[in-house]
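Student:
Residue numbers (this note's numbering): 53 to 285.
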């Protein structure tokens with residue numbers, strides 16, 4: 053898997069698929085591009101699929117300067133430009149990465165064909181900012197294991213998938229850079245306006261969330277059905 057210098061950061065990425073419209077897969081806070089292993093191969097049969105480790109996470113450069121959501125969107129813009137991936141785009145995001153999709157849509161409404169927001173976290177109420185600051189500080193002080201009980205243990209119960217898949221994800225989660233995780237948490241803290249979904253020309257858009265976590269396989273099938281098949285040349 054290659055790296056690309058984009059927006060002043062060395063970004064670890066993968067592009068799969070020989071033809072078709074571009075799908076961008078943005079992983080969750082604490083995740084990596086491997087979070088999409090169950091989705092990307094199927095999509096790449098009909099689409100060009102870009103996924104990458106976000107700034108400070110996975111095998112992407114571990115920055116020390118605090119960054120913002122706009123910096124993360126700048127990374128996305130720079131990757132699309134550096135890889136010469138043309139619009140319109142299908143953007144898929146999990147949790148906190150939803151803020152990047154919404155901001156990208158505000159900047160480039162004509163470049164987005166559709167969006168999928170899974171378990172979206174489009175910004176945080178100001179009253180909870182202190183909690184997120186404490187989480188970021190805890191990660192930097194005690195490492196990723198120190199925040200497991202208030203992050204992964206709550207968001208990803210082992211019974212959601214087979215044991216091997218869970219253990220692989222847990223291992224990658226623990227291997228994250230605590231400082232990068234803290235910076236990403238602070239980045240997510242900024243509120244993002246969701247009304248741009250209704251204003252955007254992107255059609256269709258789909259928002260996935262549930263009070264009871266849904267199984268991984270049905271969600272994968274739903275994503276693939278939702279993207280319109282590319283027109284034959």
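Ideal placement from N, C-alpha and C gives every residue a C-beta, glycine not left out.
What separation, rounded to the nearest whole angstrom, lies between the Cα atoms of residue 119 and residue 57?
Tutor: Along the chain shown, read from residue 1 onward, the residue named residue 119 stands at position 67. Along the chain shown, read from residue 1 onward, the residue named residue 57 stands at position 5. Distance between the alpha carbons of residue 119 and residue 57 is about 17 angstroms.
Student: Along the beta strand (DSSP E) that carries residue 66, what are the first and last residues, could you check?
Tutor: Sequence index remark: in the chain shown, residue 66 carries index 14 (1-based). Note, residue 66: beta strand (DSSP E), 61-68.
Student: In the DSSP assignment, the alpha helix (DSSP H) including residue 206 goes from what residue to what residue?
Tutor: As a first step, residue 206 must be located in the chain shown, where it is residue number 154. Taken as a continuous stretch (DSSP letters only), the alpha helix (DSSP H) holding residue 206 covers 204-207.
Student: How far does the alpha helix (DSSP H) with residue 103 in it reach, from first residue to last?
Tutor: Translated into positions along the chain shown, residue 103 becomes position 51. That residue, residue 103, is in no alpha helix (DSSP H); its beta strand (DSSP E) goes 100-104.
Student: Would you mind giving the Cβ-Cβ distance between residue 172 and residue 147, rounded to the nearest angstrom? I have them listed as a contact below 8 angstroms.
Tutor: Taking the first residue of the chain shown as position 1, residue 172 is located at position 120. Taking the first residue of the chain shown as position 1, residue 147 is located at position 95. Their Cβ separation, rounded to whole angstroms, is 7 angstroms, which keeps residue 172 and residue 147 in contact under 8 angstroms.
Student: Evaluate residue 226 with the Cβ neighbour count: other Cβ atoms within 10 Å of its Cβ, from every protein chain shown; 16 or more gives buried, anything less gives exposed.
Tutor: Stepping through the chain shown from its first residue, residue 226 is reached at position 174. Exposed.
Student: In angstroms, rounded to a whole number, what distance separates the CA positions of residue 239 and residue 221?
Tutor: For the purposes of this step, residue 239 is identified with residue 187 of the chain shown, where counting begins at 1. For the purposes of this step, residue 221 is identified with residue 169 of the chain shown, where counting begins at 1. Those two C-alpha atoms are separated by around 23 angstroms.
Student: So, are the CB atoms of residue 188 and residue 152 less than 7 angstroms apart?
Tutor: As a first step, residue 188 is located in the chain shown; it is residue number 136 there, counting from the start. As a first step, residue 152 is located in the chain shown; it is residue number 100 there, counting from the start. For residue 188 and residue 152, no; Cβs fall outside 7 angstroms.
Student: List the whole-angstrom C-beta distance separating residue 295 from residue 85, where the pair is believed to meet the contact cut-off of C-beta under 8 angstroms.
Tutor: The chain is shown from 53 up to 285; residue 295 falls before or after that span and cannot be answered.
Student: Where does residue 235 fall in DSSP's three states?
Tutor: Along the chain shown, read from residue 1 onward, the residue named residue 235 stands at position 183. Correct three-state label for residue 235: helix.
Student: Rounding to the nearest angstrom, what Cα-Cα distance links residue 233 and residue 202 in this structure?
Tutor: On the chain shown, position 181 is the one that residue 233 refers to. On the chain shown, position 150 is the one that residue 202 refers to. Rounded to whole angstroms, residue 233 to residue 202 spans 14 angstroms at the Cα level.
Student: Helix, strand or coil: which one does DSSP assign to residue 165?
Tutor: Along the chain shown, read from residue 1 onward, the residue named residue 165 stands at position 113. Strand at residue 165.
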